[in-house]
Amino acid sequence: DTEVTQTPKHLVMGMTNKKSLKCEQHMGHRAMYWYKQKAKKPPELMFVYSYEKLSINESVPSRFSPECPNSSLLNLHLHALQPEDSALYLCASSHPGQGPTNYGYTFGSGTRLTVV
Amino acid sequence: AQTVTQSQPEMSVQEAETVTLSCTYDTSESDYYLFWYKQPPSRQMILVIRQEAYKQQNATENRFSVNFQKAAKSFSLKISDSQLGDAAMYFCAYRMHNNNDMRFGAGTRLTVKP
């Protein structure tokens with residue numbers, strides 16, 4: 087299995103809703119990432135988990151709450167989002183920094199989030 | 065902080081021709097990795113080619129090759145025999161060795177004309 091699977095592919099939520107994005111990989115990667123991508127912009131790093139521990143939080147608002155329950159799963163819990171949070175949310179995985187970092191990241195196809 | 069610059073927002077190439085996408089980066093590190101990713105309308109980021117900074121030889125993957133100039137901090141992507149399926153956004157990316165932080169350039173939108 088060489089894929090990163092993200093669900094759902096599309097999500098529309100109200101500003102008072104609570105929802106979660108899910109990401110799964112079975113490649114034995116021990117680093118997992120959340121990126122946010124606005125239209126016609128590059129992906130922006132949000133969070134990094136290394137060996138199931140949060141290692142990087144790029145000053146993301148607390149309405150985004152990541153969780154890494156095990157080495158294959160990564161969740162992003164959403165609560166009280168704003169319309170400007172509408173974007174494509176990409177999950178990626180890789181060997182962690184101590185591993186073969188030259189292999190880059192494997193990305194999922196993203197969740198298109200719309201906040202209304 | 066490391067930055068990645070792609071100075072060409074859009075490029076166009078005729079099918080079967082060759083096109084070069086530019087990328088420069090800024091770093092004080094000596095050990096790092098560079099990547100080109102392709103993002104078609106399907107949204108998934110696909111790794112096209114990678115280069116280790118310690119290797120002098122330019123990486124090649126079939127029709128894709130890079131021109132890595134470490135001293136100039138330049139990392140351009142050459143696509144030969146362009147195909148319609150090459151049309152996509154192309155992102156240049158940098159990752160420091162032993163670091164879980166990959167940074168992307170602003171991207172270049174490549175159009176392939178039949």
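Sequence lines, in order, name chains Z and A.
Once you know that position 87 of the first sequence is 173 in this note's numbering, the rest is easy, because the numbers rise by one and skip nothing.
Once you know that position 92 of the second sequence is 156 in this note's numbering, the rest is easy, because the numbers rise by one and skip nothing.
Glycine included, every Cβ here is placed at the ideal spot set by N, Cα and C.
### Task
Taking A:A53 as the reference, give the member of A:D145, A:F168, A:S92 and A:E81 with the closest Cα.
Any question about residue 53 of chain A goes unanswered here, given that chain A covers just 65 to 178.
### Task
Please say whether Z:L174 and Z:F193 have beta carbons closer to each other than 7 Å?
no
### Chain-ordered residues of the segment 119-150 of chain Z with a beta carbon less than 7 Å from chain A
P128, P129, L131, V134, S136, S141 and I142
### Query
Which residue or residues does DSSP assign as beta-bridge partners of Z:C177?
Z:W120
#### Entry: Same chain, Cβ closer than 7 Å to A:S86, five either side skipped, listed in chain order
Q70, S71, Q72 and S140
#### Entry: Buried/exposed call for Z:H115, threshold 16 Cβ in 10 Å
buried
### 9 Å Cβ cut-off: residues of chain Z touching A:S106
S195
### Task
Examine chain A for any beta-carbon lying closer than 7 Å to the beta-carbon of Z:P182, and answer yes or no.
yes
### Query
Where in the segment 106-153 of chain Z do unbroken runs of the alpha helix (DSSP H), each at least 4 residues long, occur, reported from the N-terminal end onward?
none
### Rounded straight-line distance, which links the Cα of A:A170 to that of A:T67
10 Å
### Message
At the level of alpha carbons, what is the spacing between A:A152 and A:A136?
### Response
27 Å
### Query
Are any of the Cβ atoms in chain A nearer than 7 Å to that of Z:A208?
Residue 208 of chain Z lies beyond the residue range present for chain Z, which begins at 87 and ends at 202; the question has no answer from this structure.
### Task
To the nearest angstrom, report how far apart A:N163 and A:S94 are at their CA atoms.
13 Å
### Task
Output the boundary residues of the beta strand (DSSP E) element that contains Z:L207.
No statement about residue 207 of chain Z is possible, as the shown extent of chain Z runs from 87 to 202 and does not include it.
### Query
Are the segment 142-149 of chain Z and the segment 74-89 of chain A touching by the rule of at least three beta carbon pairs closer than 8 Å?
no
### Message
I'd like to confirm the pairing. Which residues does DSSP put opposite Z:T102 in its beta bridges?
### Response
DSSP output for Z:T102 lists no bridge partner at all.
### Task
State the DSSP-derived secondary structure class of A:Y158, mapped to helix, strand or coil.
strand
### Task
With 7 Å as the threshold, decide whether the Cβ of Z:G205 is near any Cβ in chain A.
Outside the displayed range of chain Z (87 to 202) lies residue 205 of chain Z, so it cannot be described from this structure.
#### Entry: Contact list for A:M109 against chain Z, beta-carbon separation under 8 Å
P129, L176, A178, Y191 and F193
### Query
Does the count of Cβ pairs from the segment 102-115 of chain Z and the segment 125-133 of chain Z closer than 8 Å reach three?
no
### Task
Compare the C-beta of A:A170 with all C-beta atoms of chain Z and state if any pair is closer than 7 Å.
yes
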